[in-house]
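Going by this note's numbering, the first residue of the sequence shown is number 59, and it counts up by one from there. Contents: one structure, followed by commentary.
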Amino acid sequence: MGHREDLLEGAKRCLLEKGFVRTTARDIVKESGTNLASIGYHYGSKDALLTQAFVELIQEWGEKFDSPAAREVEPGGSLERFHSVWARTLESFEDFRPVWAASMEIVTQGERVPELRDLMAKAQIEGRSGLVAMFTDQDEETLDERTVKSLGGFYQALLNGLMVQWLFDPASASTADDLAEGLRRVVAGVRETERTSLEPGAVDGS
59 MGHREDLLEG AKRCLLEKGF VRTTARDIVK ESGTNLASIG YHYGSKDALL
109 TQAFVELIQE WGEKFDSPAA REVEPGGSLE RFHSVWARTL ESFEDFRPVW
159 AASMEIVTQG ERVPELRDLM AKAQIEGRSG LVAMFTDQDE ETLDERTVKS
209 LGGFYQALLN GLMVQWLFDP ASASTADDLA EGLRRVVAGV RETERTSLEP
259 GAVDGS
């Protein structure tokens, strides 16, 4: 590997061991066997490097729990797929706890480092299409902007919220059963509202 790849791998290890705030440029250099000048040359800044490392860790996490075998037996877009994805997500949280803790640190650093905020905002937008594909089996390349923003944003909001719940108190965090039941109730409520609105007299109140 070249210095660019070495730096990225070193930054990943530092994130997992020390988190975002406590990792220094010298930590990364020591871990990667490179030099300080390489960080600026290849990534522009330590924060940009750590952000890229964080994005790659998230991608690696997604690859571990997105099971191709499960996709074959759970129809895309079904409640079974919804439940299964969240179950696998929760099972993976303990192993990736340092990643989620780092994400909270990154959020708090956003106002201090605009470059970091911009990089994470871009990564967040890009991640939405992957979530849609995971839950629905739709090809990422065919997704329109509205689907990515609405459906992808919905899944992303659930993921981020679940992450915060789990970091604060894993014992009381929502389970896959809870999330699936919540979705059932939302759908049932919408259907009931639509049904009653179509009943005779619903419009004029008679």
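Where is the CB? At the ideal position from N, CA and C, for every residue including glycine.
Rounded to the nearest angstrom, what separates residue i and residue j at their Cα positions?
i              : j              : result
serine 150     : glycine 102    : 32 Å
leucine 220    : arginine 155   : 13 Å
arginine 204   : alanine 95     : 42 Å
serine 255     : glycine 247    : 12 Å
serine 136     : arginine 242   : 11 Å
tryptophan 144 : alanine 234    : 5 Å
glycine 222    : tryptophan 119 : Inspection of the sequence shows that residue 222 is occupied by valine rather than by glycine. Cα-Cα distance, rounded: 17 Å.
lysine 122     : leucine 217    : 16 Å
alanine 179    : glutamate 169  : 12 Å
threonine 282  : alanine 181    : As shown, the chain starts at 59 and ends at 264. That puts residue 282 outside it, with no answer to give.
threonine 81   : alanine 160    : 11 Å
lysine 207     : glutamate 184  : 10 Å
May I ask you to report which of helix, strand or coil DSSP gives residue i?
i                : result
proline 133      : coil
tyrosine 60      : The residue you asked about is not tyrosine; residue 60 is glycine in the sequence shown. Reduced to three states, the DSSP call for glycine 60 is coil.
glutamine 196    : coil
threonine 92     : coil
serine 264       : In this prediction, serine 264 has a pLDDT of 47, which is less than 50 and means its spatial position is unreliable; what the coordinates show is noted afterwards. Coil, per DSSP.
phenylalanine 78 : helix
glycine 102      : coil
serine 232       : coil
aspartate 202    : coil
valine 171       : coil
When you compare each of the options to residue i by their alpha carbons, which one comes out closest?
i             : options                        : result
glutamate 165 : Leu74, Glu75, Val79            : Per the sequence shown, residue 165 should be read as valine rather than glutamate. Ranking Leu74, Glu75, Val79 by Cα distance to valine 165 puts Val79 first.
serine 232    : Arg204, Thr251, His141         : His141
leucine 108   : Ser187, Glu132, Arg175, Gly134 : Arg175
arginine 186  : Arg62, Val222, Glu169, Leu201  : Leu201
>> Contact between the region 190-207 and the region 108-116 is defined here as three or more beta-carbon pairs at a separation below 8 Å; is this criterion met?
In response: no
>> Does the structure place the region 146-165 close enough to the region 238-247 that three or more beta carbon pairs sit under 8 Å?
In response: no
>> With three or more C-beta pairs closer than 8 Å as the rule, is the region 207-220 touching the region 178-195?
In response: yes
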